[in-house]
Amino acid sequence: RYTEAKMNKIAAEMLRDITKNTVDFIPNFDGEEKEPVVLPSRYPNLLVNGSSGIAVGMATNIPPHNLGEVIDGTIMLIDNPETTILELMTVIKGPDFPTGATIMGKAGIRAAYETGKGR
Numbered sequence: 129r130y131t132e133a134k135m136n137k138i139a140a141e142m143l144r145d146i147t148k149n150t151v152d153f154i155p156n157f158d159g160e161e162k163e164p165v166v167l168p169s170r171y172p173n174l175l176v177n178g179s180s181g182i183a184v185g186m187a188t189n190i191p192p193h194n195l196g197e198v199i200d201g202t203i204m205l206i207d208n209p210e211t212t213i214l215e216l217m218t219v220i221k222g223p224d225f226p227t228g229a230t231i232m233g234k235a236g237i238r239a240a241y242e243t244g245k246g247r
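Here the sequence shown is numbered in our numbering, starting from 129 and rising by one per residue.
Structure, rendered in structure tokens:
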């Protein structure tokens, strides 16, 4: 009935700085403990693992990307916040599907990165 869970090594690494006052904490549901307002991730996990879901009148499908490319792209944006999509695409080539895929052309990838919409 009661499931236990433990973070794996990469999850622990991702949240390693949570104890260094990197985010604000608020009381939890019963006020007994504190919980972070947001989780301070060391890398953009949403881009690496992707996500899909449906909300009221909206849907999202974010494809997964290569961890190394996303980290290199993040460093590029930190070093130069004015980086263009084309410049970023020299590092983040496009989605990286764990089951394999053939992506036909880069125009669709660029359009998705620029507008947030793609096919």
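Where is the CB? At the ideal position from N, CA and C, for every residue including glycine.
Residue i - containing beta strand (DSSP E), residue span
i, result
"A183", "S179 to A183"
"A240", "Element bounds for A240: not the beta strand (DSSP E) but the alpha helix (DSSP H), A235 to T243."
"E163", "K162 to P164"
Proximal residues to residue i (C-beta, below 8 Å), its chain only, five neighbours per side dropped
i, result
"L195", "Y171 and V176"
"M135", "L143"
"K245", "A239"
"E141", "R170"
"E161", "P155"
Own chain residues within Cβ distance below 7 Å of residue i, not counting five before or after
i, result
"D152", "V165"
Limits of the alpha helix (DSSP H) - the one that residue i falls within
i, result
"T202", "L195 to D207"
"I146", "Careful: I146 lies outside any alpha helix (DSSP H) and carries neither H nor E."
"I213", "I213 to L216"
The ligand HEM heavy atom lying under 7 Å from the CB of residue i
i, result
"D158", "As presented, the structure is devoid of all ligands, the ligand HEM included, so that no description of it is given."
Strand pairing of residue i, partner residues [DSSP]
i, result
"N189", "S180"
"I154", "E163"
From the options, residue whose alpha carbon lies closest to that of residue i
i, options, result
"A229", "M204, H193, T211 and E197", "H193"
"G233", "T211, R247 and P226", "R247"
Rounded distance between the beta-carbons of residue j and residue i, thought under 8 Å
i, j, result
"E163", "N156", "5 Å"
Close beta carbons around residue i, own chain, < 6 Å, minus the five adjacent residues each side
i, result
"G222", "I231 and I237"
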